[in-house]
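Numbering (this note's numbering), first residue to last: 1477 to 1631.
In what follows, a structure is listed as structure tokens, so that the remarks can point back to it.
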Amino acid sequence: MQPGSPIGVFDSGIGGLSILRALRAELPGEDFVYFSDAGHAPYGERDDAFVAQRSAGIARALVDGHGIKALVIACNTATAAAVQLLREAHGHALPVVGVEPALRPAASLTRTRRVAVFATRGTLASAKFRALHDSLAGHAEFLLQPCDGLAVMSQ
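Right under this line is the structure:
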């Protein structure tokens, strides 16, 4: 990693561009490289092994090809399936940051103590999501709705 190295951001499609926009607004002096795995999108209906394999390959390409200094996984499904793997593989050399569904803020802001969660099957089935959901069980009732095609519609 060289001074001035970019921050790598990836998603299965273009949905992560909103995260890239927010990063640029917060870190105007930084350079970024964005990778969209549109050829394999959406990840939300793929199994964890596929998503982890794709995520590992993308991370390796960003590290080797662009010399990134940090990695942002701008995809709920990829975070759930691969963040731990990527931290084990690259965490000694660079920070690896993922995203998660906004259950925590939703639980703190709801007036009815009920929150509807629309997400891909992959996100809802992940151990990472279940752990987050279980940690907030006493704060709100979460109505979980798997949405086939959600990832495609959000693009």
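Every residue gets a Cβ at the ideal spot worked out from N, C-alpha and C, and that includes glycine.
Since we're looking at a predicted model, the values are computed, not measured.
Just checking my contact of residue 1575 with residue 1563 at CB under 8 Å: how many whole Å lie between their CB atoms?
-> Residue 1575 to residue 1563, Cβ: 14 Å. No contact.
Do you know whose CA, among 1608, 1610, 1545 and 1496, lies nearest residue 1566's CA?
-> If we check each option's Cα against that of residue 1566, 1545 comes out closest.
Under a Cβ-count criterion, where at least 16 other Cβ atoms within 10 Å of its own Cβ denotes burial, should residue 1550 be classed as buried or exposed?
-> With 16 or more other Cβ atoms within 10 Å, it is buried.
So what's residue 1549 in DSSP terms, helix, strand or just coil?
-> Residue 1549 carries a strand assignment under DSSP once its states are collapsed to helix, strand and coil.
Have a look at residue 1622 and residue 1600 and give me their C-alpha separation to the nearest angstrom.
-> Residue 1600 has its alpha-carbon roughly 7 Å from the corresponding atom of residue 1622.
For the beta strand (DSSP E) that contains residue 1527, what are its first and last residues?
-> Not the beta strand (DSSP E): residue 1527 falls in the alpha helix (DSSP H), residues 1524–1542.
6 Å CB neighbourhood of residue 1486 in its chain, flanking five on each side removed | The residues are 1511 and 1534.
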